[in-house]
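With the numbering used here, letter number 99 in the sequence shown gets 307, and the count goes up by one each step, no holes.
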Amino acid sequence: MRLALYRRHTKTCKHKSDKDYQRCDCPVWSEANVIGRRWNTETDSWVQTANESMQSRWSSKEKNWRSAEHKARQLEQQLDDILTGRSRPDVKTVKEAVELFLTSKRNENLAPTRFIATSRSCGRWLSFVTAKAFS
Numbered sequence: 209m210r211l212a213l214y215r216r217h218t219k220t221c222k223h224k225s226d227k228d229y230q231r232c233d234c235p236v237w238s239e240a241n242v243i244g245r246r247w248n249t250e251t252d253s254w255v256q257t258a259n260e261s262m263q264s265r266w267s268s269k270e271k272n273w274r275s276a277e278h279k280a281r282q283l284e285q286q287l288d289d290i291l292t293g294r295s296r297p298d299v300k301t302v303k304e305a306v307e308l309f310l311t312s313k314r315n316e317n318l319a320p321t322r323f324i325a326t327s328r329s330c331g332r333w334l335s336f337v338t339a340k341a342f343s
C-alpha cells in the first residue's frame, strides 16, 4: 500500500493548479485508502475501523518533499507490519500492562504497605512471566 503525497498550495502560490508540484514551500499532505484502518492525527497511529475502505487525508507537518516522503515510507512500513501481524499496536506487553496496573494502584492512594505488597507481587509475577517468555 502506497501513501500518496500532494501539496496543498497557499492562495498566493504560483503553482496552485498543480498539486503534485514539489519545489514550492506549501505544506505536503498525505492520502491513503486502506481497508479496515485509518490514520488518527491526534494519536499519530493507525486505528481499526469497520472493514470498509476509508480514505484518510492528513498533514505530514512538513514543507520539504523529501522529509514528507521519508515519513510516508515509515507509515507504510508501520501499516504493513500491522496488516501482516508483525506488529500489534493495540496489544500491550506484559511489562507495559504491569506498569499501567501499578500506576493505577498508585493513584488509588492505597496504604503504603498495601502498595508495597502489590508492587512486590507484580514484580515476582513479571519475573516469572519473563522467564517463561510469555511477554
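For glycine and all other residues, C-beta sits at the position ideal for the given N, C-alpha and C.
Alpha carbon of residue i to alpha carbon of residue j, nearest angstrom
{"i": "residue 278", "j": "residue 287", "result": "14 Å"}
{"i": "residue 269", "j": "residue 305", "result": "32 Å"}
{"i": "residue 218", "j": "residue 338", "result": "54 Å"}
{"i": "residue 266", "j": "residue 275", "result": "15 Å"}
{"i": "residue 235", "j": "residue 271", "result": "5 Å"}
6 Å Cβ shell around residue i - same chain, five flanking residues per side excluded
{"i": "residue 300", "result": "none"}
With 16 other Cβ atoms within 10 Å as the buried cut-off, status of residue i
{"i": "residue 341", "result": "exposed"}
{"i": "residue 240", "result": "buried"}
{"i": "residue 335", "result": "exposed"}
{"i": "residue 290", "result": "buried"}
{"i": "residue 247", "result": "buried"}
{"i": "residue 325", "result": "exposed"}
Local conformation of residue i per DSSP, three classes
{"i": "residue 329", "result": "helix"}
{"i": "residue 305", "result": "helix"}
8 Å Cβ shell around residue i - same chain, five flanking residues per side excluded
{"i": "residue 330", "result": "306, 309 and 310"}
{"i": "residue 228", "result": "214 and 215"}
Residues of its chain near residue i, where Cβ-Cβ distance is below 7 Å and the 5 sequence neighbours each way are ignored
{"i": "residue 323", "result": "313 and 314"}
{"i": "residue 230", "result": "273"}
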